[in-house]
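Just below is one structure, and these are the notes that go with it.
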Amino acid sequence: MFHPFHGLAIQNILWACHLTAVNSAGQKMASSDECRLCWCKDLDDLEDEDKHIAAGNAGHLCFPCNCRAPVHVRCLSEWHQSRWWQLLEQGFNFDEAHARIDTCEVCGARWMTRGRPKPLAAWALCRARGGTGKVALRRFPTLSRATRNFSDYAAANGQRLELLEQDVTGEFFRVRLAPAAFYQGEGSSAIAEGWIRHVYLEFESETVAARLPTPTMPPAYT
Ligand SMILES: [Zn+2]
Ligand SMILES: [Zn+2]
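For reference, each letter of the sequence shown is one residue, going -24 to -1, 1 to 198 in mature numbering (1 follows the signal peptide of the UniProt record, and there is no 0).
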């Protein structure tokens, strides 16, 4: 199903990402009071003559992820719908498609327009299985093992991880680690964030462990 909003939305999101990169080079700055999808401002801030332009995207600006660019709730909702159908048409399975529309592909946080629930615990230890002693972090909370879903970073066995949030299933945690080792080869980065399955986490409290959902796939499935 073709949706006229779709192409513009994707283009604008990518353009917003581009501007973020440009910012670091000290060049043109993206406005922080414009929706990253429709480029309109909050209705309350517009002159009367401009309100009809933004009427189709009515709503206040919000910050649903950790990115600095805001978005209208309605624009985000429409983007979700169009993105969902696009991903299915491209052959993504339901699990990965859902994870992708639920997560900002720039900062990795879930899209949350009404507050961000705290995870079950503030931290956990990584328990890597297998010979590498590392668990690759994912860009999206999906069971898909496609390369596109993994970041360059990995948590090391025994490393303490800060827990930032859980996905909608509760099976994945978004974590922050410092330092963050590269999954391939040697070396590390000062800090990184990414998603990891709870089967690779060891919690201090047994109460927390008891509240975790049963893994969808066995622990050996990485
Ligand atoms: Zn908008
Ligand atoms: Zn973001």
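No residue lacks a Cβ here, since even glycine has one placed at the ideal position from N, Cα and C.
Remember, predicted model here, so these are calculated numbers, not experimental data.
Check	Outcome
Let me have the residue list for ligand 2: C-beta closer than 7 Å to any non-hydrogen atom, ordered along the chain.	Cys41, Asn42, Cys43, Cys80, Val82, Cys83 and Ala85
State the DSSP-derived secondary structure class of proline 189, mapped to helix, strand or coil.	coil
Where does alanine 137 sit, in a helix, a strand or coil, going by DSSP?	According to the sequence as given, residue 137 is leucine; it is not alanine. In this structure, leucine 137 counts as strand in the three-state DSSP scheme.
Which partner residues does histidine 48 have in the DSSP bridge list?	Leu37
So, does the region 137 to 151 touch the region 85 to 96, judging by three or more C-beta pairs under 8 Å?	yes
For the beta strand (DSSP E) containing alanine 131, name the first residue and the last one.	126 to 132
Under 9 Å, do glycine 84 and glycine 146 count as touching if we go by C-beta distance?	no
Use the C-beta contact count for glutamate 65: other C-beta atoms within 10 angstroms, 16 or more gives buried, fewer gives exposed.	exposed
Taking the alpha carbon of glutamate 72 as the reference point, which residue from Gly134, Arg124 and Leu13 has its own alpha carbon closest?	Arg124
Could you tell me the alpha carbon to alpha carbon distance between residue 262 and glutamine 160, rounded to whole angstroms?	Absent from the structure is residue 262, since the part of the chain shown begins at -24 and ends at 198.
Name the two residues that bound the continuous beta strand (DSSP E) containing phenylalanine 148.	148 to 153
If you run the structure through DSSP and keep just helix, strand and coil, what is tryptophan 171?	strand
Counting only the same chain and skipping the five closest in sequence on each side, list residues whose C-beta sits under 8 Å from that of threonine 89.	Cys38, Pro40, Val49 and Leu52
Return yes when the C-beta of histidine 74 is under 8 Å from any heavy atom of ligand 1, and no when it is not.	no
Can you tell me where the beta strand (DSSP E) holding alanine 112 begins and where it ends?	110 to 114
Just to confirm the assignment, what range does the alpha helix (DSSP H) spanning alanine 75 have?	70 to 77
Give every residue of the same chain whose Cβ lies closer than 7 Å to the Cβ of alanine 154, excluding the five residues on either side of it in the sequence, and list them in chain order.	Ala166 and Ile167
Whose C-alpha, out of Gln62, Cys102, Cys16 and Ala75, is nearest the C-alpha of residue 205?	In the structure as shown, the chain starts at -24 and stops at 198, and residue 205 therefore has no counterpart that could be examined.
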